[in-house]
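As given, the protein sequences belong to chains A and B, one line each in that order. FYI, the numbering used here numbers position 35 of the first sequence as 35, with every residue one higher than the one before it. To convert, count from 1 in the second sequence and add 92; that's the numbering used here. Read through the structure below, which is laid out as structure tokens, and then see the notes.
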Amino acid sequence: MVTVEMTSHLYRFFPQLENRVVQVQPGSVAAVLQQVEQQAAGFTDYVLDERGALRRHVFAAINNALVIDRQTLSDKVPEGGTLYIFQALTGG
Amino acid sequence: MNNLILLGTRKGTVLVEHTASGWRPRPVAHDGIPVCYAACDPRDGTLWASLDHGHWGPKLSRSRDGGGSWEETPPIKYPAGARYITQYLPTPDFDPDAPSGQPEYTDATVYKIWNISFGPPSQPGRLYAGTIPGGLFVSDDGGDSWELNRPLWNHDSRGGDLFAGDATSDNCWGGTPASIDYGVFEPGIHSIVVDPRDPDRIQVAASSAGVITSADGGRSWSGSNRGMRMDYLPNPEAPWGHDPHFITHCPGQPDHLWQQNHCGVFYSSDGAASWKKVSVPEAGVHFGFPIAADEKDGRTAWVVPARSDMERMTIGGGLYVARTSDGGESWQAFREGLPQENAYDIVLRHALDISGDRLCFGSTTGNVYLSEDRGESWQCLGHNFPPVYSVRFGRG
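Printed below as a string of structure tokens:
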């Protein structure tokens, strides 16, 4: 299994993901996110655009490394790994 | 009389109601989320807010109980294959003595849902949404689903049908600074006007392209920029490249349209077949963003003048509203109730509205003012709102 950790901002829109460990099957970032989508409908519309790419101001990392393929999300999340989803920092 | 005002602000949606003790804002909805546009469907009272999430993509939120509760609606998405030309790059065999470019294509994604407009009572469920990067979306089921209007997206002025292949014409649409928040510089549709006599007659305005008209319900479109003049391109009368900031019409005389443009105020009395520049710079009426037209008299309109393109602030530190009642031949300034020194308010394109004799506007400085006498005097509804992006009267 892999773990998905995310910015707490997303809990506002997907409260069903709060206060629990989100674990899904290993696979590409795209596959992992689709499994989260099954637990929280609409989730991918928040972190991906309609082309399936990471939104411009969303960052994702596998363990300690930023995801490289932001367009098709082919980077693999290995067994036991963690996919982190952050928002870019902004002001105002 | 209309007793509800919707404010789209940088920190959420604010509903201001007229109560027995005066105008009172309700607690903010969509707390902390920029709302670039909020409006009420006059047909059924549904409230709409366009959420401008910085990170999570634009969303639409809907309330069918007068703002008591809100629900997110299915997202607007560009269909697969929707592309547009973002710039021209040097060709591989580029010759500096005979420069030639080739288009760079970008897959379209929604950056901003800039405004929402409503169809007539004869088309229940018909909604329009104008977006950055320049797509017009249409819903016929009250916003449960949306479809890109392809004839406009595929217009010759944007390079033709890019779903089918490479460009067959030159792109003439520029970008708008309103899209820079997203790290891009793309065109945007900010105004959608539906003729109440004939719902197939639609005008949209795009920054920085111009006004585009359909007479057949969106199946075909043509530019409506005759008489327009711009002062930032080599040919001031070019058919494309104009920068309307907002267009509106007189509902009672829909052939009378008004346009606050980057390059002045323009008026049309022939359904946008031609425009006439009616700026009076010596009266301060030239640059600005919003414009409102009277509901019955097509020759009457209001603007909130700003100093200039380069100095986007009040004129002389004083805020005022100007009204014409003769088709822009003359303008009268109204200042009563508005600050006349140390004011820096700018009123954005969607932040002025009219309902009967009432007008209301909100500013980037968080001030909201209401007039109940056709703009002649003003009362402040609050000085401490977040920066205001839109002001629209509700229903009731």
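The beta carbon of each residue, even a glycine, is placed where N, CA and C say it ideally should be.
Check	Outcome
Along chain B, in chain order, which residues have C-beta atoms closer than 9 Å to that of A:Q87?	G146, H147 and W148
Taking a contact to mean a Cβ-Cβ separation below 8 Å, would you say B:I304 touches B:L240 in this structure?	no
State yes or no: is the C-beta of B:G315 within less than 8 Å of the C-beta of B:W367?	no
Output, in chain order, the set of chain A residues within a Cβ distance shorter than 7 Å of B:G275.	R56
Starting from B:T111, follow its DSSP beta bridges and name the residues at the other end.	B:G114
Report the three-state DSSP secondary structure of A:Q38 (helix, strand or coil).	helix
When we look at the beta-carbon of B:C472 and count the other beta-carbons within 10 Å, is it buried (16 or more) or exposed?	exposed
Which one or two residues does DSSP pair with B:E403 in a beta bridge?	Its beta-bridge partners do not exist; DSSP assigns none.
Taking the DSSP output, what are the residues bridged to B:C472?	B:Y461
Based on DSSP bridge pairs, tell me the residues matched to B:F338.	B:Q352
Hey, could you find the ends of the alpha helix (DSSP H) A:V47 is sitting in?	F43 to V47
By DSSP, does A:H9 sit in helix, in strand, or in coil?	helix
Express the C-alpha separation of B:G235 and B:T406 in angstroms, rounding to a whole number.	38 Å
Going by beta-carbon coordinates alone, are B:P291 and B:G173 separated by less than 8 Å?	no
DSSP state of B:V106, grouped into three classes?	strand
Measuring only the C-alpha atoms, how far is B:P188 from B:T178?	22 Å
In terms of DSSP beta bridges, what is A:N64 paired with?	A:N64 pairs with nothing; no bridge assigned.
Which one of B:G158, B:G363 and B:H354 has the shortest CA to CA distance from B:N95?	B:G158
Measure the beta-carbon distance from B:L99 to B:C132 and round it to whole angstroms, keeping in mind my assumption that it falls under 8 Å.	About 12 Å; that fails the 8 Å criterion.
Give the interface partners of B:D199 over in chain A, defined as CB-CB distance under 7 Å, in chain order.	R51
Using the Cα positions of B:G420 and B:S153, report the straight-line distance between them to the nearest angstrom.	38 Å
Anything in the stretch 159-188 of chain B with a Cβ closer than 7 Å to a Cβ of chain A? List those residues in chain order, please.	P167, K169 and Y170
Under 7 Å Cβ-Cβ, which residues of chain B neighbour A:Y11?	Chain B residues near A:Y11: none, gap ~12 Å exceeds 7 Å.
Taking the beta carbon of A:N63 as the centre, do at least 16 other beta carbons fall within 10 Å, making it buried, or is it exposed?	exposed
By the DSSP assignment, the beta strand (DSSP E) with B:P195 in it spans what residues?	G193 to D199
I need the boundaries of the beta strand (DSSP E) containing B:L444, first residue and last residue.	L444 to S447
Are any of the Cβ atoms in chain B nearer than 8 Å to that of A:Y46?	yes
Closest to B:V460 by CA distance: which of B:I438, B:D449 and B:P166 is it?	B:I438
Using the three-state DSSP reduction, which class does B:E433 fall into: helix, strand or coil?	coil
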